[in-house]
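*Asks:* Residue numbers (full-length UniProt numbering): 1 to 932.
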Amino acid sequence: MWRRSLNYGLVPLMSLLKGTTIIRFASNLGDRLKTLNDSKQFQQALQLFHQHQKNNTEILSSLTITQALKACTHLRDIQSGKAIHALVTSRTKDDQYIVTSLIHMYMQCGDISSAETVFHATETKDPSMYGAMMKGDLFHVQETQKAFEVFHEIQTPSEVNLIVFFQVCAVLKTQPALDAMKKMLQQTPTNFHSNHRLVTSLLNALVECGDVEHAEKIFDTINAKLLPMYGVMMKGYIAINQSEKAIDLFKKIDHPDAIITNLLFNGCAQLRTPEALNITKRVSTMMNKSFFENDFIVTSLLDALMKCGDVECAELIFSTIETKKTLPICAAMMKSFIASNQAQKAIDLFNRIDGPDAIITNLFFNACAQLRTPEALNFTKRVSTVMNRTLFQDEFIITSLLDALMKCGDVEHAELIFTTLETKKTLHICGAMMKGYIENNQADKAVDIFREIKNPDDVNTSLLFSACAQLRTPEALALVKTISKRMPASFYSDDYVASSLLDALIKCKDTLTAEIVFSKMKRSIVSYGNLMNGLNDEKQGKKTMQLFYRMKREGLEPETIIFLCVIKALALIGDLSLIEPTINQIPESILLDSQIRNALIDMWGKTGCVDKAHGIFENTSQRHAFLYTTMINCYGLNGMGMQALELFSHMPKQFIHEVTYICILNACSHSGLVDEARSIFQKIESKTPTVWTTMIDCLARASLFDEAQALIDEFERSHRAAIAMYMALLSGARNDKNAQLAQNIYDRMKTLFPSTKDPLTAAEVLLANTYASSGDIGKAADIRIQHMKSGVKKKIGTSTTVVDGEIYEFRAHDRSHPRSDEIYREVQKLSKELVAHGHEYDSSWITRAMGEDESVESVLCGHSERLAMAWNFLANPHAKRIQITKNLRVCGDCHRATKLIAAIRQCEIIVRDANRIHHFHKNGQCSCNDYF
């Protein structure tokens with residue numbers, strides 16, 4: 001009885017003891033799993049869990065389950081994770097820790113859908129669950145926007161939630177992210193700012209979103225600044241090219257760590273100043289020696305030294321590194337060698353590397369591309385044959401290989417590799433081939449590659465435009481227009497694409513479309529310079545000046561390149577009244593530039609202001625070859641042959657080149673100094689076809705046709721016939737009014753150059769003019785009728801002049817001016833004055849059949865330069881100086897008339913025609929002495 005009672009009493013006690021043991025076991029299991037996880041023994045932790053999961057899972061603690069899920073997460077074992085989830089499904093409604101761990105596990109294992117299912121199935125969500133979802137979305141970059149949206153569902157975010165939110169904003173880098181951060185900052189309790197991790201994340205997010213200024217304000221209010229905060233701010237300053245501020249911050253840090261030191265070197269590399277170099281050297285000698293075992297620090301140090309120009313110090317550090325020279329460090333040296341144009345050293349280093357990886361091999365090809373030597377080509381070929389075949393699957397390697405082959409001139413080998421590629425021909429690879437073809441003057445092949453690309457990107461499209469710019473054909477222009485209409489609108493906002501398109505249109509001579517594109521694109525100094533240069537090439541100086549005024553209205557500060565274009569435009573227009581106020585706008589520092597000085601001498605010479613050109617030349621202490629040549633040309637244009645010869649005789653022999661010879665021979669030609677020209681020509685050792693042509697022109701102008709023809713015959717004994725020489729001879733025959741000689745020359749040209757269209761057209765016009773000037777109007781008319789039937793348009797003659805700061809252009813018999821009636825009355829007034837002073841109109845200068853209502857006087861008085869003169873006198877009756885620029889040669893009647901007008905009106909008249917400058921003085925004489 002007693003025994004039975006005792007046994008009965010022991011039952012509850014045994015049950016109690018058993019329950020206590022189970023609880024202790026469950027707790028101990030969780031602790032053991034945590035210990036294993038903390039020591040990164042995740043596999044053992046999961047095995048231990050599996051051994052005990054068969055027992056009643058209801059007794060397993062939250063710690064045990066969360067630690068098991070943690071092991072699954074680190075092992076990316078989603079199957080075990082799902083099995084555990086199935087075991088504890090009944091507990092997911094009440095246990096926030098298990099739910100959070102499940103979300104984290106699914107997210108890290110890439111099963112976003114299951115994570116979202118668990119999250120949305122939980123009715124009561126706490127901050128930790130939101131945090132797990134946000135971290136998971138952040139882990140999968142493409143889902144970052146979801147993390148941003150999830151955050152806004154949290155009613156009371158924790159500090160961890162805020163940290164993750166700032167991390168999300170840092171990844172997004174968008175204006176909405178920045179705005180949301182700023183709004184959140186206004187709602188965040190001030191005590192949150194004491195959390196250093198929170199503040200660091202905030203600073204980083206602001207920096208990544210581009211608001212360094214706001215980050216700077218917050219940073220300045222922090223009393224206890226930690227190294228990560230300094231690092232974030234230094235990174236931000238470097239990102240916006242304010243490395244000086246990053247270096248200033250570094251100086252305030254007592255014990256910089258590896259990250260901070262690395263950032264310092266990055267800042268110094270960006271600055272590239274002597275001060276940055278000194279800081280780099282000083283820090284490298286003082287920093288912890290263990291830093292030299294850090295690849296990132298050593299790489300940044302070498303990069304800073306190289307970019308600051310101390311290659312020797314970088315090489316010394318590299319050679320004395322005690323630890324193994326890892327591939328990243330070798331890559332840094334190679335990259336730096338290439339950046340400092342020492343590609344050979346990069347190749348030498350490559351040859352010492354045992355197992356080069358993709359990055360090293362890529363740099364090697366870049367070095368060879370920079371060298372462009374036969375040796376570099378051999379290196380490229382050899383390495384490409386022995387490198388690991390898997391590298392042929394790397395588009396960057398293939399791109400660099402093709403680039404190296406192309407830059408070294410082996411187009412054929414590059415084509416062989418391109419056509420036999422097993423991997424997909426990506427846009428980058430196609431771009432490398434297009435670029436190579438363009439560099440090797442095979443733009444047509446670049447166009448062919450482009451046509452094979454289904455969806456060209458911005459780079460491919462830019463390269464196509466560059467190829468078309470090189471081709472400069474009507475077909476190329478048509479393709480440019482077609483592609484520019486098809487390409488995405490976003491390409492127009494890409495500076496590189498828009499500039500290439502603009503350049504192609506300009507080079508293909510379609511300045512009108514170029515102007516339309518220019519008006520729509522984002523304009524810069526470069527784009528302005530491109531269009532201005534293109535307009536100058538098309539002799540549209542007026543439009544160039546209009547662009548200059550527009551650029552100033554838009555607030556862009558002109559640079560040297562712009563002023564060079566402006567000076568060239570002023571030279572094209574050739575008017576002193578327009579030049580002086582414009583040149584006064586050029587800063588003194590730019591006026592000292594050698595290119596600017598050379599351009600100014602050219603401009604003053606083409607404006608007839610030889611004294612001003614001479615003044616710049618004399619005030620230039622360091623004169624280069626082009627300065628001498630430009631000054632000689634200046635004298636030649638203005639009929640000052642003796643002065644040109646004097647300067648040529650004092651020119652250093654090493655400065656004399658082909659263009660110099662052309663300019664001095666041309667100066668002799670326009671001044672009738674034939675003997676001097678012969679003497680110079682005979683002394684030229686290496687004569688180019690252009691030099692021969694200039695000498696032939698000199699002889700033809702002097703009517704020495706037999707000698708000129710003999711020179712052509714001598715040239716053709718060892719060279720192919722050149723049409724320019726015959727044009728010079730024909731022009732001389734035209735001046736001499738020798739129709740028979742002109743016909744003989746023209747007939748020979750047709751025999752020698754049957755398929756040369758434009759020059760023969762010009763020759764046809766000269767021949768017709770020669771017949772007309774010799775009195776054979778009928779023959780001239782026949783030639784012109786044939787000319788018109790061919791459909792080829794004759795070059796229209798124009799005269800440009802500046803009146804009261806405005807540029808005006810006139811054509812023969814022009815009536816486009818709003819005051820044309822007054823201008824023609826002034827023309828008649830001038831005509832009466834001319835006749836009264838003995839002028840007789842010379843009908844031999846009329847090169848076309850006259851209409852029934854025309855007279856010799858009305859035809860000659862309708863020439864463009866007469867209209868330009870009349871407009872000057874109409875606008876300023878007492879004008880003392882008139883300047884006119886013609887695109888064709890002045891006719892003999894206009895030349896005689898202008899001499900007389902200058903004397904009658906007592907006005908200096910300067911006319912620049914296609915060949916030279918005529919200074920018509922008040923005494924009725926011309927500077928050319930009628931030799932033109």
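Quick reminder that beta carbons are idealized off the backbone N, C-alpha and C, glycines included.
Measuring CB to CB, does M387 end up less than 8 Å from T361?
*Replies:* In contact: M387 and T361 (Cβ atoms closer than 8 Å).
*Asks:* Let's test the definition: count the other Cβ atoms within 10 Å of the Cβ of G797 and tell me whether it reaches 16, buried, or not, exposed.
*Replies:* Classification for G797: buried.
*Asks:* Where L16 and P127 are concerned, what is the direct C-alpha to C-alpha distance, given to the nearest angstrom?
*Replies:* Below a pLDDT of 50, predicted positions are generally treated as unreliable, and L16, at 41, falls in that range; no measurement from the model is reported.
*Asks:* In whole angstroms, what is the alpha-carbon distance linking I23 and S158?
*Replies:* With a pLDDT of 46 at I23, under the threshold of 50, the predicted position of this residue should be treated as unreliable, though the coordinate-derived value follows. Distance between the alpha carbons of I23 and S158 is about 32 Å.
*Asks:* At which residues does the alpha helix (DSSP H) containing I353 begin and terminate?
*Replies:* No alpha helix (DSSP H) holds I353; DSSP gives it neither H nor E.
*Asks:* Is it the case that the Cβ atoms of L767 and I777 are separated by a distance below 8 Å?
*Replies:* No, Cβ-Cβ distance for L767 and I777 is not below 8 Å.
*Asks:* With a threshold of 7 Å on Cβ separation, who are the neighbours of S927 within its own chain once the five nearest residues in sequence on each side are excluded?
*Replies:* Taken in chain order, the residues that qualify are N638, G639, H918, H919.
*Asks:* Based on the DSSP secondary-structure assignment, which residues constitute the bridge partners of R881?
*Replies:* Bridge partners of R881: E908.
*Asks:* Could you check the C-alpha separation between I579 and E475 for me, to the nearest Å?
*Replies:* When rounded, the distance between both Cα atoms is 39 Å.
*Asks:* Spell out the partners DSSP gives Y808 in its beta bridges.
*Replies:* Paired residue(s): T801.
*Asks:* With distances taken from CA atoms, which of Y230, D804, F626, T380 is nearest K407?
*Replies:* It is T380.
*Asks:* Just verifying my parser: in three-state terms, what is the DSSP assignment at H74?
*Replies:* Helix.
*Asks:* Taking C-alpha atoms, which residue in E822, I567, S201 lies nearest to N584?
*Replies:* Ranking E822, I567, S201 by Cα distance to N584 puts I567 first.
*Asks:* Does DSSP put I438 in a helix, in a strand, or in coil?
*Replies:* Looking at I438 - three-state DSSP - the assignment turns out to be helix.
*Asks:* In the UniProt repeat "PPR" (657 to 687), which residue ranges form an unbroken alpha helix (DSSP H) of at least 4 residues, counting only runs that do not cross its ends?
*Replies:* Counting only runs of 4 or more, we get 658 to 671, 674 to 683.
*Asks:* Pull up the distance between the alpha-carbon of A644 and that of F617, whole angstroms please.
*Replies:* Approximately 13 Å, taken between the alpha carbons.
*Asks:* Check whether the Cβ atoms of T64 and Q108 lie closer than 8 Å to each other.
*Replies:* No. Outside cutoff.
*Asks:* For a test of the three-state rule: what should DSSP assign to C926, helix, strand or coil?
*Replies:* Of the three classes helix, strand and coil, the one that applies to C926 here is strand, per DSSP.
*Asks:* Specify the secondary structure class of Y931 as computed by DSSP and reduced to three states.
*Replies:* Residue state, collapsed to three classes: coil.
*Asks:* Would you identify the three-state DSSP class for residue 986, choosing helix, strand or coil?
*Replies:* The structure shown does not extend to residue 986, since the chain is modelled only from 1 through 932, so no value can be given for it.
*Asks:* Report buried or exposed for T898, applying the criterion of at least 16 other Cβ atoms within 10 angstroms of its Cβ.
*Replies:* Looking at its Cβ environment, which holds 16 or more other Cβ atoms inside 10 Å, T898 is buried.
*Asks:* With distances taken Cα to Cα, identify the nearest neighbour of Q540 among K173, K886, S61, Q187.
*Replies:* Checking every option, the nearest Cα to that of Q540 belongs to K886.
*Asks:* Ignore the nearest five residues each way along the sequence and tell me which others in I417's own chain have a CB closer than 8 Å to its CB.
*Replies:* If we look at I417 and ignore the five residues flanking it on each side, its Cβ neighbours are S384, I398, L401, L402, L405.
*Asks:* Distance, Cα to Cα, H428 vs I238?
*Replies:* One C-alpha to the other measures close to 29 Å.
*Asks:* Between the C-alpha atoms of A762 and Y771, what's the straight-line distance to the nearest angstrom?
*Replies:* Near 15 Å, if we compare the C-alpha coordinates of Y771 and A762.
*Asks:* If I measure Cβ to Cβ from residue 934 and keep anything under 6 Å in the same chain, skipping five residues before and after, which residues do I get?
*Replies:* This structure does not reach residue 934, given that the chain is present from 1 up to 932, and the question cannot be answered.
*Asks:* Out of I656, D220, I680, Q654, state which residue places its alpha-carbon closest to the alpha-carbon of L665.
*Replies:* That would be I680, whose Cα lies nearest to the Cα of L665.
*Asks:* In this structure, how does DSSP classify F418 when only helix, strand and coil are distinguished?
*Replies:* Helix at F418.
*Asks:* Buried or exposed, going by whether 16 or more other CB atoms sit within 10 Å of the CB of Y549?
*Replies:* Y549 should be labelled exposed.
*Asks:* Going by CA-CA distance only, name the one from V480, A489, P488 that's closest to T513.
*Replies:* Among V480, A489, P488, the Cα nearest to that of T513 belongs to V480.
*Asks:* Suppose only complete runs of 4+ residues qualify. What are the alpha helix (DSSP H) ranges in the region 806 to 846, listed by chain order?
*Replies:* Whole alpha helix (DSSP H) segments, 4+ residues: 820 to 836.
*Asks:* Can you look up A914 in the DSSP assignment and give me helix, strand or coil?
*Replies:* Three-state result, A914: coil.
*Asks:* Return the chain-ordered list of same chain residues with a C-beta closer than 7 Å to the C-beta of F25, the five sequence neighbours on each side being excluded.
*Replies:* Legend: pLDDT at F25 = 47, less than 50; position of this residue unreliable, value from coordinates given subsequently. Hits under 7 Å: none found.
*Asks:* Could you check where the alpha helix (DSSP H) with R197 kicks off and where it finishes?
*Replies:* Where R197 is concerned, the enclosing alpha helix (DSSP H) stretches over 196 to 208.
*Asks:* Can you list, in chain order, the residues of its chain whose CB lies under 7 Å from that of T261, leaving out five sequence neighbours each side?
*Replies:* Within the same chain, T261 has close Cβ partners V283, M287, F291, I297.
*Asks:* How is H413 classed by DSSP in three states: helix, strand or coil?
*Replies:* The answer is helix: DSSP assigns H413 an H, G or I state.
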